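Each position in the sequence shown, counted from 1, maps to that position plus 1 in my numbering. From the three backbone atoms N, C-alpha and C, an ideal C-beta is built for every residue, glycine too. These figures come from a predicted structure and were not determined experimentally. Below: the structure, in structure tokens.
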Amino acid sequence: IQIPEYKFFTIKGTGNPNDDYFSEYIRVLYSLSYAVKMSIKKGIEPKGYFDYTVYPLEGVWDINEEAKKKFDGKFDKNDLIFKLMIRQPDFVDEKFAMMILERTKQKKFNVLLDNVKFEKITDGVCVQMMHLGSYDNEPESFNLMEDFAENENYSRISKVHREIYISDARKVATEKLKTVLRLKIKKQ
2 IQIPEYKFFT IKGTGNPNDD YFSEYIRVLY SLSYAVKMSI KKGIEPKGYF DYTVYPLEGV
62 WDINEEAKKK FDGKFDKNDL IFKLMIRQPD FVDEKFAMMI LERTKQKKFN VLLDNVKFEK
122 ITDGVCVQMM HLGSYDNEPE SFNLMEDFAE NENYSRISKV HREIYISDAR KVATEKLKTV
182 LRLKIKKQ
């Protein structure tokens, strides 16, 4: 599939997503996303505003350079590098996003807000699928995706991948988690 350009609030980090600090990254992104959605109730209506459901959390995942050197098919989650993000509606432009960021800093300051960026991101040509179950079982889905791409004369560009979290891991049993997995690919 061809993934077009979308706008996101993003934040980068490193380390194990099972550690306590990780939820703070998520909290910061949702605070901004809900501030955008509720802006109309604060008397701020950007041009083109429409009511919508806040988009799901997404993450782009990689491992650090040291882990890549010793990679044998497995890695330590402490070696992860991530960019978390939440997509924003088309009516959100740079100026509006920065205003929301500043207002959020004033209302509920969190040091991580200083690391948030507003970005336009294009994934381009990709293969994706719905993964059901534990995040630890994702390699099985990646293998299926790589096989599919190869059968269509494409190859994976890198081990970097995107996850779109359809289910909330805090509220859904592990075996019922739904995560869209996406890999960038190129024609062979």
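Item, Value
"Pair within 8 Å by beta-carbon distance, H162 and L178", "no"
"C-alpha gap between K229 and Q189, whole angstroms", "In the structure displayed, the chain extends from 2 to 189; residue 229 sits before or after that span and is not available."
"Residue burial classification, Y22 (beta-carbon count within 10 angstroms, cutoff 16)", "exposed"
"Closest Cα partner of P18 within the set G60, V37 and Y53", "G60"
"Neighbour-count burial assignment, I64, 16 or more Cβ in a 10 Å radius", "buried"
"Opening and closing residue of the alpha helix (DSSP H) in which I122 lies", "Taken as a continuous stretch (DSSP letters only), I122 belongs to no alpha helix (DSSP H), being part of the beta strand (DSSP E) at K118 to L133."
"Limits of the alpha helix (DSSP H) - the one that Q107 falls within", "E95 to K108"
"Collapsed DSSP secondary structure at K185 in the structure displayed", "strand"
"Rounded distance between the beta-carbons of N79 and G16, thought under 8 Å", "6 Å"
"Whole-Å CB distance - I186 paired with S156, under 8 Å assumed", "6 Å"
"C-alpha gap between V126 and I2, whole angstroms", "6 Å"
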